[in-house]
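Residue 1 is where the sequence shown starts when you use UniProt numbering, and the numbers rise one by one after that.
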Amino acid sequence: MSDRQDEHELSREFRQERSVRRVVDVIETKRKRIRDDLEQLICHISLLVPCTGANCFSEQTYGAIEDAAHRLGDDAFAQLLLQVLQEGR
1 MSDRQDEHEL SREFRQERSV RRVVDVIETK RKRIRDDLEQ LICHISLLVP
51 CTGANCFSEQ TYGAIEDAAH RLGDDAFAQL LLQVLQEGR
């Protein structure tokens, strides 16, 4: 009886691990898409801020995006946006 119970437990753990790995794959794919979308958004936003000089993505652009992110009232999203912005600099 103990062997059967051990097999059942092992089977349950295997299914749980398989489920977790599937969820991780989906979340990683979604995270990549979100980051790609944010990078594209940042590029498009830079077109809304007037260009001053040769470097169009200036401190002024960065400051405008940073201020706007903080005004959203969504700290988690603002932090993600600013992280993507920092990585792109």
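Positions of the beta carbon are idealized from the N, C-alpha and C atoms, including for glycine. Computed from a prediction, not measured in an experiment: that's the story for all the values here.
- In the DSSP assignment, leucine 38 falls within the unbroken alpha helix (DSSP H) covering 2–45.
- Contact check for isoleucine 27 against valine 84 fails: the beta carbons are separated by 9 Å or more.
- With at least 16 other beta carbons inside 10 angstroms of its own, isoleucine 65 counts as buried.
- Residues Val84 of the same chain have their beta carbon placed closer than 7 Å to that of arginine 35, with the five preceding and five following residues left out of the count.
- Excluding the 5 residues flanking it on each side, valine 49 has same chain C-beta neighbours closer than 7 Å at Gln60, Thr61, Ala64, in chain order.
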